[in-house]
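Residue numbers (the numbering used here): 11 to 128. By construction, the Cβ of each residue, glycine as well, lies at the ideal position given by its N, Cα and C atoms. Fair warning: this is a prediction, and the values are worked out from it, not measured in the lab.
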């Protein structure tokens with residue numbers, strides 16, 4: 011395992027087995043789209059709710075950056091990596107995300123909102 015202060019996230023996700031993240035919505039979506047299960051250690055804002063959703067949908071586990079031990083984090087990563095249900099759930103969610111994106115629903119909704127009088 012390697013810890014770095016910054017990496018190019020999207021290219022790295024193409025080679026990642028499990029993502030350890032604070033759980034911002036952009037990162038959660040990028041992981042789902044690339045089929046990567048998550049260990050979410052929320053810090054603030056929307057992150058605690060995003061962590062709850064990740065756990066609820068079986069996409070990964072929630073951790074804690076406040077008092078992490080290397081053994082604790084690596085244990086959670088090992089659990090996620092060794093349990094195929096996390097990857098299966100992420101793959102199911104990935105297919106759903108892609109179906110919705112390809113349907114054009116989001117584009118139509120944005121265009122409709124832009125037509126509303128101001």
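- prompt: Are the segment 72-89 and the segment 12-25 touching by the rule of at least three beta carbon pairs closer than 8 angstroms?
  reply: Flag = no, the segment 72-89 and the segment 12-25 do not touch.
task: Consult DSSP for residue 87 and reduce its assignment to one of helix, strand or coil.
output: As a working mapping, residue 87 is identified with position 77 in the chain shown. In the structure shown, residue 87 sits in a helix (DSSP, three-state: H, G or I).
task: State the Cα-Cα distance for the pair residue 99 and residue 124, rounded to the nearest angstrom.
output: Counting from 1 along the chain shown, the entry for residue 99 is found at position 89. Counting from 1 along the chain shown, the entry for residue 124 is found at position 114. Those two C-alpha atoms are separated by around 35 angstroms.
query: So residue 67 packs on residue 29, CB below 8 angstroms; how close in whole Å?
result: For the purposes of this step, residue 67 is taken as residue 57 along the chain shown, with counting starting at 1. For the purposes of this step, residue 29 is taken as residue 19 along the chain shown, with counting starting at 1. That belief does not hold up - the Cβ atoms of residue 67 and residue 29 are roughly 15 angstroms apart, past 8 angstroms.
query: By how many angstroms is the C-alpha of residue 88 removed from the C-alpha of residue 73?
result: Position 63 of the chain shown, counted from the start, is the residue given in the question as residue 73. Position 78 of the chain shown, counted from the start, is the residue given in the question as residue 88. One C-alpha to the other measures close to 13 angstroms.
- prompt: Do you know offhand how far residue 83's Cα is from residue 21's?
  reply: Indexing the chain shown from 1 puts residue 83 at position 73. Indexing the chain shown from 1 puts residue 21 at position 11. Between residue 83 and residue 21, the C-alpha separation is close to 23 angstroms.
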